[in-house]
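For reference, each letter of the sequence shown is one residue, going 1 to 631 in the UniProt record's numbering. Note sheet for the following structure.
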Amino acid sequence: MTGATGYDATHAAWRRDPQAFWAEAAGGIAWDKPPERTFDPALGVYGRWFPGGWLNTCHNAVDRHVAAGHGARPAIIWDSPMTGQVETITYADLLDRVARLAGALAERGVTKGERVIIYMPMVPEAAIAMLACARLGAVHSVVFGGFAAAELATRIADAKPRAIVTASCGLEPGRIVKYKPLIDAAIGLSPHKPTAVLILQRPECLCELTPGRDADLLDAMAAATPHPCVSVEATDPLYILYTSGTTGAPKGILRDNGGHAVALRHSMAMVYGVGAGDVFWAASDVGWVVGHSYIVYAPLLAGCTTVLFEGKPVGTPDAGTFWRVCEQHGVKVLFTAPTAIRAIKKEDPDGTLLKRYDLSKLDALFLAGERCDPDTITWSEGLLHKPVVDHWWQTETGWTITGNFRGLGLFPTRPGSGGKPAPGYDVVVLDEAHQEVPQGQIGSLAIRLPLPPSALPTLFNADDRFREAYLSAFPGFYSTADAGMIDAEGYVWVMSRTDDIINVAGHRLSTGAMEEVLAAHPDVAECAVVGVRDTLKGQVPLGLVVLKHGVTKTEAEIGRELIAMVRDRIGPVAAFKEARVVARLPKTRSGKILRATLRKIADGDDYVVPPTIDDPMILDEVGEVLKGAMR
């Protein structure tokens with residue numbers, strides 16, 4: 001099936017019989033014991049997928065490919081411009097290393113259901129540690145390497161891990177981040193104390209080991225007896241991934257084994273159009289959900305080769321790094337964040353570096369992480385001459401809510417839209433009275449329950465908090481906390497977070513729509529619009545823009561042009577009268593712009609520097625601009 005017909009037919013098949021749809025997808029997984037039921041609405045908070053089934057996720061991701069005779073196939077390509085190293089790990093090599101690390105963890109008391117925190121840079125051992133936990137039936141919780149000690153301590157206190165797997169350091173452009181002092185400080189702050197810490201000693205910065213607790217990771221693996229896979233129930237947890245909570249306490253997103261394996265393996269062919277032997281690269285970090293889903297689990301479940309990259313889109317060494325990796329390793333599909341492409345566009349607006357590389361094997365670019373402005377889509381398409389797909393999903397869902405589907409035949413894209421709902425997601429737009437709004441009208445995006453396989457069944461040890469955070473706003477629905485609309489052809493437009501809808505003199509306006517206008521300016525590399533308090537209108541929008549290299553216009557000239565564009569395309573009702581140029585925008589390490597924090601700074605409210613921020617100094621720089629603009 002191709003084009004809209006393929007998508008329409010598949011989506012209709014899911015709607016007719018969701019259980020039959022997912023039962024068929026479950027046939028792609030090797031089960032130790034087949035599920036007794038596809039879905040049971042009486043289990044858990046809103047129901048559970050594949051109850052009664054038994055499996056092991058590591059076996060499905062590694063062992064079964066070796067057993068099928070594919071042990072020589074590359075499983076992981078580690079490409080590290082930070083160290084100048086490239087390493088290819090075959091499925092057979094990966095099996096041996098995972099089994100040995102599982103053995104080392106088992107010797108230190110890690111058993112089925114125990115938690116293990118993984119605090120690692122982008123090195124092969126990070127993925128190996130995740131798979132080793134899955135092999136044991138243990139529950140891993142990956143924390144972004146270099147995370148502050150206090151934030152790491154809250155995760156240790158909540159997860160209560162038996163062990164921590166870490167490294168002596170992480171590498172950032174121009175600096176080395178020492179992990180051992182952060183680990184020691186976090187353990188000191190936490191009321192729970194893990195009994196074992198395994199440390200990968202990196203030659204760039206060796207560390208002292210704490211006697212009686214710490215061990216050299218590679219030595220422990222070499223001495224360990226390889227451990228077999230432990231069978232677990234489909235509804236048993238695979239991992240916890242913490243996100244920042246509105247109360248200050250992190251939320252532990254829980255992922256189960258069965259639904260996760262089924263949906264992620266299925267998504268590789270359906271969404272990305274790749275299969276066994278194809279090279280897939282998710283240019284993210286294992287500390288984020290994209291890294292969990294599409295660096296480690298989904299590509300390996302599908303028998304692909306996955307690229308694990310230790311570097312940045314610019315500066316390691318230049319804005320051509322992504323294209324070099326694609327050419328060198330024969331990447332078929334690249335998946336990254338819009339902010340990475342905008343960074344490349346800022347440094348190399350004409351694509352001069354891109355033209356040096358042979359990208360004939362690259363079939364498509366997928367973007368997710370935050371809403372992608374149409375200008376970034378069209379810029380990428382114009383240079384790559386490949387499909388560029390913006391797709392929308394969340395940490396909580398684990399895979400795409402809406403997108404375009406290479407495995408079903410791509411339908412026409414609409415820059416600015418995140419595509420159409422994936423089979424499994426019943427997406428609606430609701431108003432404050434919980435009623436569906438007319439097509440084309442902005443409201444709160446929600447998903448009718450039950451959520452599909454691989455979406456979170458609950459929060460770790462916090463069912464009530466899960467209900468309050470996600471299910472209470474619209475009974476019978478999961479609240480995405482995103483605002484947007486669905487057009488007459490079924491395309492979903494995610495405009496902003498619901499708290500980024502601003503009220504200007506009684507008019508509800510999307511800051512995302514204004515950002516779309518600013519991003520279309522030929523001199524703007526990236527931008528953010530925040531709503532700030534105003535005594536007359538309630539709120540007014542304020543634009544912050546980062547300019548491309550080589551722009552010679554003054555800030556006043558740029559501001560006048562941007563104000564005119566917003567007035568022309570959105571109208572005077574937007575009351576857009578202020579645009580300021582900044583050198584950088586504050587972002588999380590996953591590339592999301594910290595709009596809520598910017599709004600608090602502009603309003604003069606108290607705020608906490610988010611623990612996920614990439615560079616705290618940027619907040620000070622932008623804060624001075626905001627304060628000057630609002631005087």
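The beta-carbon is built from N, C-alpha and C at its ideal position, and this holds for glycine as well. All values reported here derive from a predicted model rather than from experimental measurement.
Chain-order list of residues whose beta-carbon lies under 6 Å from that of Thr-38 (same chain, five-residue window excluded) = When the five nearest sequence neighbours on each side are left out, the beta carbons in the same chain lying within less than 6 Å of the beta carbon of Thr-38 are those of Gln-19, Trp-22 and Ala-23, in order along the chain.
C-alpha distance - Ile-377 paired with Pro-415, whole-angstrom precision | 6 Å
Per DSSP, what kind of secondary structure is Glu-436 in: helix, strand or coil?
-> The DSSP-derived three-state label of Glu-436 is strand.
Between the beta-carbon of Ala-234 and the beta-carbon of Pro-423, is there less than 9 Å?
-> Pro-423 sits away from Ala-234, with the two beta carbons spaced by 9 Å or more.
Evaluate Thr-247 with the Cβ neighbour count: other Cβ atoms within 10 Å of its Cβ, from every protein chain shown; 16 or more gives buried, anything less gives exposed.
-> Bear in mind that the predicted position of Thr-247 carries a pLDDT of just 48, short of 50, making it unreliable; the figure below should be weighed with that in mind. Result: exposed.
Contacting residues, own chain, Cβ-Cβ under 7 Å from Glu-204 (five flanking each side not counted) | Cys-169, Leu-171 and Ile-176
Local Cβ density within 10 Å of Arg-162, reported as buried at 16 or more and exposed below that | Buried, by the Cβ-count rule.
Ordered along the chain, which non-local residues of its own chain (more than five positions away) have a Cβ less than 7 Å from that of Arg-155?
-> So the qualifying residues of the chain are Ile-117, Ser-141, Val-143, Tyr-242 and Pro-250.
Reduced DSSP secondary structure (H/G/I, E/B, other) of Ser-284 = coil
Cα separation between Pro-349 and Thr-458?
-> 43 Å
Could you tell me if Asn-461 is buried or exposed, where buried requires 16 or more neighbouring beta carbons within 10 angstroms of its beta carbon?
-> Burial state of Asn-461 is exposed, judged by a 10 Å Cβ sphere holding fewer than 16 other Cβ atoms.
Is Lys-627 helix, strand or coil when you go by DSSP?
-> DSSP places Lys-627 in helix when its eight states are reduced to three.
Would you say the segment 474–491 touches the segment 326–345, given that touching needs at least three Cβ pairs under 8 Å?
-> For the pair of segments examined, the segment 474–491 was found not to touch the segment 326–345: the number of CB pairs separated by less than 8 Å stays below three.
Buried or exposed: which applies to Lys-577, given that a residue is buried once 16 or more other Cβ atoms fall within 10 Å of its Cβ?
-> Classification for Lys-577: exposed.
Same chain only: Cβ atoms within 6 Å of His-266, ignoring 5 sequence neighbours per side | Ala-25
Between Val-429 and the rest of its own chain, which residues show a CB-CB distance below 8 Å, the 5 nearest in sequence each way excluded?
-> Glu-436, Val-437, Gln-441, Ile-442, Gly-443, Ser-444, Leu-445, Ala-446, Gly-484, Met-485 and Ile-486
List the whole-angstrom C-beta distance separating Ala-261 from Leu-301, where the pair is believed to meet the contact cut-off of C-beta under 8 Å.
-> 6 Å
Candidates Ala-469, Asp-63, Val-609 and Asp-605, of which the one nearest residue 718 by Cα | The question about residue 718 has no answer, for the chain in this structure spans 1 to 631.
For Gly-258, count neighbouring C-beta atoms within 10 Å of its own C-beta (all shown protein chains included) and say buried if the count is 16 or more, exposed if not.
-> buried
What does Gly-550 pair with, by DSSP beta-bridge criteria?
-> In DSSP, Gly-550 forms no bridge with anything.
Three-state secondary structure assigned by DSSP to Thr-90 = strand
In the DSSP assignment, what residue or residues form a beta bridge with Ala-483?
-> Ser-444 and Ser-496
Compare the C-alpha of Phe-366 against each of Trp-392, His-192 and Thr-352 and name the closest.
-> Trp-392
May I have a chain-ordered list of the alpha helix (DSSP H) segments no shorter than 4 residues that lie completely inside the segment 144–178?
-> 149–159
Report, in whole angstroms, the separation of the C-beta atoms of Phe-309 and Met-122, which I expect to be a contact under 8 Å.
-> About 7 Å separates the CB atoms of Phe-309 and Met-122; that is less than 8 Å, so the two are in contact.
Quick check: the segment 356–364 against the segment 309–329, are there 3 or more CB pairs under 8 Å?
-> yes
So is His-549 buried or exposed if we call it buried at 16+ other beta carbons inside 10 Å?
-> Counting C-beta atoms within 10 angstroms of its own C-beta, His-549 has fewer than 16 neighbours from the protein chains shown and is therefore classed as exposed.
Do you know how far the Cα of Val-545 is from the Cα of Cys-372?
-> 15 Å
Answer yes or no: do Ala-104 and Leu-217 have a C-beta to C-beta separation smaller than 9 Å?
-> yes
Look at the alpha carbon of residue 693 and the alpha carbon of Ala-263, and state the distance between them as a whole number of angstroms.
-> It is not possible to answer for residue 693, since the shown part of the chain is limited to 1 through 631.
Return the first residue and the last residue of the beta strand (DSSP E) that Arg-569 is part of.
-> Where Arg-569 is concerned, there is no enclosing beta strand (DSSP E), although the alpha helix (DSSP H) it sits in stretches over 555–569.
Starting from the Cα of Ala-579, find the closest Cα among Lys-33, Cys-527 and Trp-31 and give me that residue.
-> Cys-527
Provide the residue span of the beta strand (DSSP E) that contains Ser-80, from first to last.
-> 74–80
Inter-residue Cα distance where the pair is Glu-87 and Trp-78 = 5 Å
For the alpha helix (DSSP H) that Ala-525 lies in, which residues bound it at each end?
-> Where Ala-525 is concerned, there is no enclosing alpha helix (DSSP H), although the beta strand (DSSP E) it sits in stretches over 524–534.
Candidates Arg-533, Glu-208, Ala-575 and Tyr-272, of which the one nearest Ile-601 by Cα = Looking at the Cα atoms, Arg-533 is the closest of the given residues.
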